[in-house]
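Engineer: Let me begin by handing over the structure; questions about it come next.
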Ligand SMILES: NC(=O)c1ccc[n+]([C@@H]2O[C@H](COP(=O)([O-])OP(=O)(O)OC[C@H]3O[C@@H](n4cnc5c(N)ncnc54)[C@H](OP(=O)(O)O)[C@@H]3O)[C@@H](O)[C@H]2O)c1
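Residue numbers (full-length UniProt numbering): 1 to 117.
This is the structure in structure tokens:
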């Protein structure tokens, strides 16, 4: 006899791109450790767009190494949903420019600040 019990509902899947994580000073010791942790955490790396800042986005070796470590392979790193922005907090024009870029991109922010000045 067939059971009249309804099948259990599957747990709701989180929306892809649940929001944006902003990690400043992501090329520093703390920042790159956090970046690696985020990259290796599927609930974060899979659901959130990540914005990383470094003083020079094109020369951020600790961050690049951390992303590689976290994602496992270069291919996974390049297909990952993240951007690296150049931000010099000692330069007001740089801060304004990056703030404008961030405001244009994000839907919501979970911000981790790792540098103090
Ligand atoms: N490490 C620890 O265990 C620990 C413990 C407690 C508190 N803290 C504090 O946490 C903060 C970060 O520590 P850390 O160990 O990660 O230091 P770190 O490795 O020396 O990194 C410093 C970071 O600050 C960034 N930075 C410096 N001047 C900047 C500027 N003008 N504009 C934008 N970014 C700038 C650097 O960016 P670039 O790499 O792009 O140049 C780098 O990512 C420090 O204030 C430290 O005192 C650290």
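Note that beta-carbon positions come from the ideal geometry of N, C-alpha and C, so glycine has one too. Since this is a predicted model, take the numbers as computed values, not measurements.
Quick one: residues in its chain with C-beta nearer than 8 angstroms to the C-beta of residue 86, no 5 flanking neighbours on either side, listed in chain order?
Structural biologist: Taking the first residue of the chain shown as 1, we reach residue 86 at position 86. So the qualifying residues of the chain are 53, 54, 55, 56, 57, 58, 94, 98.
Engineer: Does ligand 1 have even one heavy atom less than 7 angstroms from the beta-carbon of residue 56?
Structural biologist: Translated into positions along the chain shown, residue 56 becomes position 56. It does: the Cβ of residue 56 is within 7 angstroms (strictly closer) of some heavy atom of ligand 1.
Engineer: Tell me whether residue 30 counts as near ligand 1, meaning its Cβ is closer than 7 angstroms to at least one heavy atom of that ligand.
Structural biologist: Indexing the chain shown from 1 puts residue 30 at position 30. Yes, since a heavy atom of ligand 1 falls inside the 7 angstroms radius drawn around the Cβ of residue 30.
Engineer: Let me make sure I understand the geometry here. Which of 103, 101, 35 has the alpha-carbon closest to that of residue 64?
Structural biologist: Here residue 64 refers to the residue found at position 64 when the chain shown is read from its first residue. Of the listed residues, the one whose Cα sits closest to residue 64 is 35.
Engineer: Run the CB neighbour count on residue 100, radius 10 Å, all protein chains shown included, and call it buried at 16 or more, exposed below.
Structural biologist: Position 100 of the chain shown, counting from 1, holds the residue named residue 100. Exposed: under 16 other Cβ atoms inside 10 Å.
Engineer: For residue 19, write down the residues that DSSP places opposite it in a beta bridge.
Structural biologist: Counting from 1 along the chain shown, the entry for residue 19 is found at position 19. 48.
Engineer: Return the CA-CA distance between residue 67 and residue 96, expressed in angstroms with no decimal places.
Structural biologist: Taking the first residue of the chain shown as position 1, residue 67 is located at position 67. Taking the first residue of the chain shown as position 1, residue 96 is located at position 96. Going by the C-alpha atoms only, they are around 26 angstroms apart.
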